[in-house]
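2 protein chains.
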Amino acid sequence: MTEARVEILRRLARRGATPQLQRALKKSRPVDIAAAVGHLAPAEQRLLFQQLPTSSETSEVLFRLSDDDLRSIVRALPFERLVLLLDLMEADDEADVIDRLPEDMREKVLAAIQSEDKRLVEEILAWPEDSAGGIMQPIAFRLNESHTCRDAIAALHEQQEHLENIFYVYVENEAEQLVGVTSLRALLTHPPSTVLRDIMTLDVISVSPLDDQEDVARVASRYDLLAVPVVDENRHLLGIVTIDDVVDVIKEEALEDMMLMAGVGDAPAASSGSVFIAARQRILWLGVTLIGGIGISEVVGLFHGALEKQAVLTGFIPVMLGTGGNVGTQAATVAVRNLALGQDADLSLATMVFREARIGMLLGAAFAVTLGGYTLLRWSDQPLIGLSIGSALFMIVVVAAGVGTLVPLSLHRLGVDPAVATGPFVTSTIDFIAAMVYFTMTTLILGL
Amino acid sequence: MTEARVEILRRLARRGATPQLQRALKKSRPVDIAAAVGHLAPAEQRLLFQQLPTSSETSEVLFRLSDDDLRSIVRALPFERLVLLLDLMEADDEADVIDRLPEDMREKVLAAIQSEDKRLVEEILAWPEDSAGGIMQPIAFRLNESHTCRDAIAALHEQQEHLENIFYVYVENEAEQLVGVTSLRALLTHPPSTVLRDIMTLDVISVSPLDDQEDVARVASRYDLLAVPVVDENRHLLGIVTIDDVVDVIKEEALEDMMLMAGVGDAPAASSGSVFIAARQRILWLGVTLIGGIGISEVVGLFHGALEKQAVLTGFIPVMLGTGGNVGTQAATVAVRNLALGQDADLSLATMVFREARIGMLLGAAFAVTLGGYTLLRWSDQPLIGLSIGSALFMIVVVAAGVGTLVPLSLHRLGVDPAVATGPFVTSTIDFIAAMVYFTMTTLILGL
Numbered sequence: 006m007t008e009a010r011v012e013i014l015r016r017l018a019r020r021g022a023t024p025q026l027q028r029a030l031k032k033s034r035p036v037d038i039a040a041a042v043g044h045l046a047p048a049e050q051r052l053l054f055q056q057l058p059t060s061s062e063t064s065e066v067l068f069r070l071s072d073d074d075l076r077s078i079v080r081a082l083p084f085e086r087l088v089l090l091l092d093l094m095e096a097d098d099e100a101d102v103i104d105r106l107p108e109d110m111r112e113k114v115l116a117a118i119q120s121e122d123k124r125l126v127e128e129i130l131a132w133p134e135d136s137a138g139g140i141m142q143p144i145a146f147r148l149n150e151s152h153t154c155r156d157a158i159a160a161l162h163e164q165q166e167h168l169e170n171i172f173y174v175y176v177e178n179e180a181e182q183l184v185g186v187t188s189l190r191a192l193l194t195h196p197p198s199t200v201l202r203d204i205m206t207l208d209v210i211s212v213s214p215l216d217d218q219e220d221v222a223r224v225a226s227r228y229d230l231l232a233v234p235v236v237d238e239n240r241h242l243l244g245i246v247t248i249d250d251v252v253d254v255i256k257e258e259a260l261e262d263m264m265l266m267a268g269v270g271d272a273p274a275a276s277s278g279s280v281f282i283a284a285r286q287r288i289l290w291l292g293v294t295l296i297g298g299i300g301i302s303e304v305v306g307l308f309h310g311a312l313e314k315q316a317v318l319t320g321f322i323p324v325m326l327g328t329g330g331n332v333g334t335q336a337a338t339v340a341v342r343n344l345a346l347g348q349d350a351d352l353s354l355a356t357m358v359f360r361e362a363r364i365g366m367l368l369g370a371a372f373a374v375t376l377g378g379y380t381l382l383r384w385s386d387q388p389l390i391g392l393s394i395g396s397a398l399f400m401i402v403v404v405a406a407g408v409g410t411l412v413p414l415s416l417h418r419l420g421v422d423p424a425v426a427t428g429p430f431v432t433s434t435i436d437f438i439a440a441m442v443y444f445t446m447t448t449l450i451l452g453l
Numbered sequence: 006m007t008e009a010r011v012e013i014l015r016r017l018a019r020r021g022a023t024p025q026l027q028r029a030l031k032k033s034r035p036v037d038i039a040a041a042v043g044h045l046a047p048a049e050q051r052l053l054f055q056q057l058p059t060s061s062e063t064s065e066v067l068f069r070l071s072d073d074d075l076r077s078i079v080r081a082l083p084f085e086r087l088v089l090l091l092d093l094m095e096a097d098d099e100a101d102v103i104d105r106l107p108e109d110m111r112e113k114v115l116a117a118i119q120s121e122d123k124r125l126v127e128e129i130l131a132w133p134e135d136s137a138g139g140i141m142q143p144i145a146f147r148l149n150e151s152h153t154c155r156d157a158i159a160a161l162h163e164q165q166e167h168l169e170n171i172f173y174v175y176v177e178n179e180a181e182q183l184v185g186v187t188s189l190r191a192l193l194t195h196p197p198s199t200v201l202r203d204i205m206t207l208d209v210i211s212v213s214p215l216d217d218q219e220d221v222a223r224v225a226s227r228y229d230l231l232a233v234p235v236v237d238e239n240r241h242l243l244g245i246v247t248i249d250d251v252v253d254v255i256k257e258e259a260l261e262d263m264m265l266m267a268g269v270g271d272a273p274a275a276s277s278g279s280v281f282i283a284a285r286q287r288i289l290w291l292g293v294t295l296i297g298g299i300g301i302s303e304v305v306g307l308f309h310g311a312l313e314k315q316a317v318l319t320g321f322i323p324v325m326l327g328t329g330g331n332v333g334t335q336a337a338t339v340a341v342r343n344l345a346l347g348q349d350a351d352l353s354l355a356t357m358v359f360r361e362a363r364i365g366m367l368l369g370a371a372f373a374v375t376l377g378g379y380t381l382l383r384w385s386d387q388p389l390i391g392l393s394i395g396s397a398l399f400m401i402v403v404v405a406a407g408v409g410t411l412v413p414l415s416l417h418r419l420g421v422d423p424a425v426a427t428g429p430f431v432t433s434t435i436d437f438i439a440a441m442v443y444f445t446m447t448t449l450i451l452g453l
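As given, the protein sequences belong to chains A and B, one line each in that order. Counting from 6, one number per residue, gives the positions in the first sequence under the working numbering. Counting from 6, one number per residue, gives the positions in the second sequence under the working numbering.
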């Protein structure tokens, strides 16, 4: 359904069908218009923007554009119109857009926007990008604890222009410290003369502006909050982080973990970005693989004599290392997931490693029988080959399962993000161990 | 801070310090109490539950317990108390808890809960677990379009017991079809005599009860909705999916992707569960690795003669396959991420594969020079070895980057979840190709 709408806008803009485009735009949501813009050529993008009114909806289109589209659009827009659109945004969105503008425009725009907005935007831009301060809306619906529900509803009428969404009503004491919280609904369902102090919840969950956005998301999701207040060290309310931003953070962080696990860096270059940057982000982990591989080549060299006597062993090097690497990656992935879900927190390291080792034994036994059986049939005149290959595979799978679990759990206890552990690093370590186990066991059993 | 609270509860329950425990429980949030319960022995869990009142907060503790803890607690609770606690829950939470009860208790509990609750719970349980219907709250704040803001606020007072959270006010026509939506705030900021029809937003975004929960989450996050209405084919409002459940779905699905990528199955057995089930979930992908490995052993066998003449080539089989596999996994992970973020939707398959191939060329060149250089120095009397190994590695990295991108993107266009593609399947394919490329190129260059 969404895609159909985007497609209609795209076609109308391509055809330059202005009246139909205007009608279609009126019926479309900003996020869909922004998606359509992403599919258009610069001239078509300009045409589409000319059909949009200078409204808060159009501001949202701007906010929803990808970095590349935003940069090309802002150059095409008349400067006065850009400033008007920015003035219509909420301060957190405005700061986000200004942060993504081309360097040379940023200062010029900051100088031109409304002075009250400017103060708020500069406040947000001053905090680190991934902190609570960097993603908060620097305004909130707040009232003194001595006010009544009636006062609160009246205040709501007055302030309505500034407050897009009201999730909670924050209550402050005389010193303007955050002391309580209540809901819009509570204002409505209590008698109008009730004082806020008497209906507010006292134990307000809040975060500090320098807290990592991931921690803010964790708090919001753990306690099912629609907004998390950000307070300074004196409990003065600085702003709120709203649930829509929390959702974005959760999506971002999940993908970040996935990237870390593949050793791609936590924020890969955009698809349109430089291939040099993308290559640089991936080279570190691959370098680990390369060095590990050189190490393995030396191990193979050590067993050169044995391989000459039993050339068939050479063919099974890849399956030994490949199976070991995959078993280790699976064990590590399960460990990373359980840590992310906060499971297992009360299990000892030994318990968890032992559990994975038992899974490894089952898998190892199944594969040892399969591969051992295959080699027994294939080289039936030399049954010791099948036996040695089966035993080595069993051993490798058990060890890989144990190592794959041990590494992320140990990293976690050391305070390192365990997602980094399931990448090429774990694979290379296990490859090396697997090579040692394979050659040691086969040469021992075969008496080479 | 959270952990400290959990720790206090845990210690007090362990010591059996009843009065202090009661005080601490009164100051704690349900989610933290549930976390503490997870750390206790059965007898301590019972003691803690005896200190809790039969309130909706205690119901939430029950709802927040892990499956294992829930099962042991419900057996220890007096049956009447369990039913009272269930009656205090919202229908969607109640259905969730009942669904997680031991088989033998489920029917008995369903027969005992309040009859109105029972109807709603059975309604939810009738929908698939991962569908919009399966996660919705089967109640919503709804009013006829001819009502005024004053009527709406009066209705709010009457219905307040049944409605825990009110995110939106849904507006229906005479045929009880969902025709519009407005906010609590709009009710407050318009004159009391305003008719809902005049202030409602017409174009309501909704989902069907059989829509996948992932699609519901996508809609909620795309349009920044706090709740998504679920309507049947006649646009009758069945219920709402709220943002807290959307957040849970997003977290679940992200982890599911991670699991799929490692070939562990999309819902791995709990850490406390059977190791047989865990092994079965992982065995499929590993079987692919094993079969691929047998294939590779045959490829190695084909080049047996060449390897006898140049034994040094054997040692580099692992690094060729390992680097190829990791480059492929990285490329595939980036592709999966870009698909998840909805990036690249307008780029052609060829453009994306070509981009990754260019990154592959950069990486390949860097590694070819490194490994080729190393082998040139190590076997300086035979410069062709270094040359052949460097060229083969370059070729493998470029091909791996291309294949790693092509597979998930093709799967996506075929409507298959691309996360399955970065697991052992892609690795095995690339391993096989890498083995072919390695032997073909080295034997050609070395004239074996």
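Quick reminder that beta carbons are idealized off the backbone N, C-alpha and C, glycines included. It should be emphasised that the depicted structure is a prediction, and the values quoted were computed from it without experimental measurement.
Measuring straight from C-alpha to C-alpha, what distance separates residue i and residue j?
i               : j               : result
R155 of chain A : A9 of chain A   : 46 angstroms
L241 of chain B : V184 of chain B : The question names Leu, but residue 241 of chain B in the sequence shown is His. Going by the C-alpha atoms only, they are around 10 angstroms apart.
R360 of chain A : V280 of chain B : 7 angstroms
L230 of chain B : D249 of chain A : 8 angstroms
V252 of chain B : L82 of chain A  : 36 angstroms
R105 of chain B : L75 of chain B  : 8 angstroms
I140 of chain B : Y175 of chain B : 19 angstroms
V11 of chain B  : H195 of chain B : 45 angstroms
Q3 of chain A   : E62 of chain A  : Outside the modelled stretch of chain A, which goes from 6 to 453, sits residue 3 of chain A, for which no answer is possible.
A267 of chain A : A337 of chain A : 12 angstroms
E181 of chain A : V246 of chain B : 36 angstroms
Q142 of chain A : P234 of chain A : 10 angstroms
S385 of chain A : M263 of chain A : 45 angstroms
May I ask you to report which of helix, strand or coil DSSP gives residue i?
i               : result
P234 of chain A : strand
R15 of chain B  : helix
V114 of chain B : helix
F444 of chain A : helix
T206 of chain B : strand
V421 of chain A : coil
R383 of chain B : helix
D249 of chain B : helix
V254 of chain B : helix
S136 of chain B : strand
Q50 of chain A  : helix
N239 of chain A : coil
M6 of chain A   : For M6 of chain A, the pLDDT reaches just 48, beneath the cut-off of 50, and the residue's location in the model is therefore unreliable, leaving the point undetermined.
R105 of chain A : coil
L148 of chain B : strand
V269 of chain A : coil
Measure from the alpha carbon of residue i to the alpha carbon of each residue in the options, then state which is nearest.
i               : options                         : result
I171 of chain B : B:V224, B:F444 and B:A160       : B:A160
V36 of chain A  : B:S226, B:V251 and B:D253       : B:S226
L260 of chain B : B:E219, B:L243, B:R34 and B:A40 : B:E219
M441 of chain B : B:I301, B:I450 and B:V235       : B:I301
E49 of chain A  : A:R147, A:L17 and A:R223        : A:L17
Report the partner residues of residue i according to the DSSP bridge assignment.
i               : result
L183 of chain B : B:E177
V4 of chain A   : The requested residue 4 of chain A is not part of the displayed model; chain A covers only 6 to 453.
Can you find a C-beta in chain E that's less than 8 angstroms from the C-beta of residue i?
i              : result
Q27 of chain A : The chain inventory of the structure shown lacks chain E, comprising the protein chains A and B.
Check whether the segment 358-377 of chain B touches the segment 287-294 of chain A, counting contact only when three or more Cβ pairs, one atom from each stretch, lie closer than 8 angstroms. The answer is yes - the segment 287-294 of chain A touches the segment 358-377 of chain B, with three or more Cβ pairs under 8 angstroms.
May I ask you to verify whether the segment 312-328 of chain A touches the segment 393-411 of chain A, counting CB pairs closer than 8 angstroms and requiring at least 3? Pairwise C-beta distances place the segment 312-328 of chain A in contact with the segment 393-411 of chain A, as three or more of them are shorter than 8 angstroms.
So, do the segment 407-420 of chain A and the segment 381-394 of chain A have three or more beta carbon pairs nearer to each other than 8 angstroms? Judged by Cβ distances under 8 angstroms, the segment 407-420 of chain A makes no contact with the segment 381-394 of chain A, as fewer than three pairs qualify.
Between the segment 99-108 of chain B and the segment 123-141 of chain B, can you find at least three pairs of beta-carbon atoms closer than 8 angstroms? Flag = yes, the segment 123-141 of chain B and the segment 99-108 of chain B touch.
Kindly confirm or deny that the segment 86-97 of chain B and the segment 115-127 of chain B touch, where touching means at least three C-beta pairs closer than 8 angstroms. Using a C-beta cut-off of 8 angstroms, the segment 86-97 of chain B makes contact with the segment 115-127 of chain B, since at least three inter-stretch Cβ pairs fall below that distance.
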